[in-house]
Amino acid sequence: MKNKKIVILSGSVREGRKSHYVAELISEKLKNSTNHDIILLDLKEYPLPIMETRLDNEEQYPEILKRLSSYLINADGIIIVSPEYKNGIPGALKNVLDYLKPQIFRHKPIGNITVSSGGFGGINCLSQLRLVGLAMGGLPIPEKLCVSNINELFNNSGAILNTSINEKTTQFLDAFLWYVKRMSVQNHPPHKM
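All the letters of the sequence shown, read from the start, carry residue numbers 15 to 207 under the numbering used here.
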C-alpha cells in the first residue's frame with residue numbers, strides 16, 4: 015500500500031487528561047508498524063475561542079485553524095480520540111469541529127476512539143462522534159475502540175499499567191487501515207467544499 019497520511023486528533027485539552035495517552039499509543043503503534051505519514055494533532059496546541067460566527071471564507075480563518083484544516087484536508091484517514099464528558103463530546107473538540115468546513119472529512123474513513131474512567135468506554139460520545147463525522151462528509155468505520163477504566167490502563171505519566179490495551183488497539187488499527195487502503199481519497203473526485 016502506498017504511503018498514506020493519517021491524522022490522529024487528540025480531542026481533550028483538560029489538565030490531567032488520559033485520553034491523550036491513548037492518542038500517543040495509537041500514533042506510536044502506527045509509526046512502528048507502517049510506513050505511513052502519521053500526524054498527531056493535539057487540540058491543546060490549537061486554542062480557538064468559542065465559535066460565535068461561522069467563518070465561511072478561509073481568508074477569515076485564524077492561522078491556527080488554517081494549519082489544522084490543511085492537515086485534515088490532506089489526510090487519507092482520520093482517527094479521533096476523545097474522552098467522554100457528561101455523556102458527550104468535550105466542548106473543546108466540538109468547538110473545533112464546528113469551526114471546520116462542513117465537508118472537510120469528505121470521502122475519508124474516520125476511526126473513532128472514545129475513553130472514559132467508567133466501565134462503558136465513552137459509548138455515548140462515540141455515537142455523537144459518528145453523527146458529526148457523517149455530517150462533515152466522513153465515513154465513520156463500523157469498528158470502534160471504547161477504552162473503559164482508563165485509570166487502570168495508564169498511570170499519571172502515561173506508562174501502560176495493563177497491556178490488554180495493546181491487543182485492542184492492534185485490532186482497531188488493522189480494521190482502520192483496511193478502510194484507509196480501500197477508501198483512499200486518490201480514488202475519489204477532487205475535494206470541493
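Think of the CB as a built atom: it goes at the ideal place given N, C-alpha and C, for glycine as much as any other residue.
Check                                                                                                                         : Outcome
Ser-41 - containing alpha helix (DSSP H), residue span                                                                        : 33 to 47
Contact belief for Cys-160 with Gly-102 at Cβ below 8 Å, rounded distance in angstroms                                        : No, Cys-160 and Gly-102 are not in contact; Cβ-Cβ is about 14 Å, not under 8 Å.
Where the beta strand (DSSP E) through Ser-96 begins and ends                                                                 : 91 to 97
Residues sharing a beta bridge with Pro-123, DSSP                                                                             : Leu-153
Residues sharing a beta bridge with Thr-128, DSSP                                                                             : Ser-96 and Cys-160
Rounded separation between Trp-192 and Ser-130 - CA only                                                                      : 26 Å
Touching by the beta-carbon criterion (3+ pairs, under 8 Å), the segment 54 to 64 and the segment 103 to 116                  : yes
Proximity winner among Leu-187, Asn-165, Lys-18 and Gly-135, relative to Leu-86 (alpha-carbon distances)                      : Lys-18
Delimiting residues of the alpha helix (DSSP H) encompassing Asp-70                                                           : From DSSP, Asp-70 is part of no alpha helix (DSSP H); its letter is neither H nor E.
Spatial neighbours of Leu-44 in its chain, beta-carbon cut-off 7 Å, leaving aside the 5 residues before and after             : Ile-20, His-50, Ile-52 and Leu-187
Identity of the residues DSSP links to Leu-54 by a beta bridge                                                                : Ile-22
Sequence-distant residues of its chain with Cβ nearer than 8 Å to Gln-142 (five each side left out)                           : Gly-102 and Ile-103
Pick from Asn-163, Leu-167, Tyr-35 and Glu-77 that is closest to Ile-22, judged by C-alpha positions                          : Tyr-35
Cβ neighbours of Ile-164 in the same chain (closer than 6 Å, five flanking residues each side left out)                       : Lys-32, Val-129 and Ser-131
Where the alpha helix (DSSP H) containing Thr-177 begins and where it ends                                                    : No alpha helix (DSSP H) holds Thr-177; DSSP gives it neither H nor E.
CA-to-CA distance, Glu-181 to Leu-175, given in whole angstroms                                                               : 14 Å
Supposed contact pair Phe-134 and Ser-162 - C-beta distance, whole angstroms, cut 8 Å                                         : 6 Å
beta-carbon Pro-76 near the ligand ADP non-hydrogen atom, thresh 8 Å                                                          : The ligand ADP is not among the ligands present in this structure, which contains no ligands whatsoever.
N-terminal and C-terminal residue of the alpha helix (DSSP H) that Lys-108 is part of                                         : 105 to 113
Beta-carbon contacts of Val-146 that lie in its chain and below 6 Å, excluding the five residues immediately before and after : Leu-111
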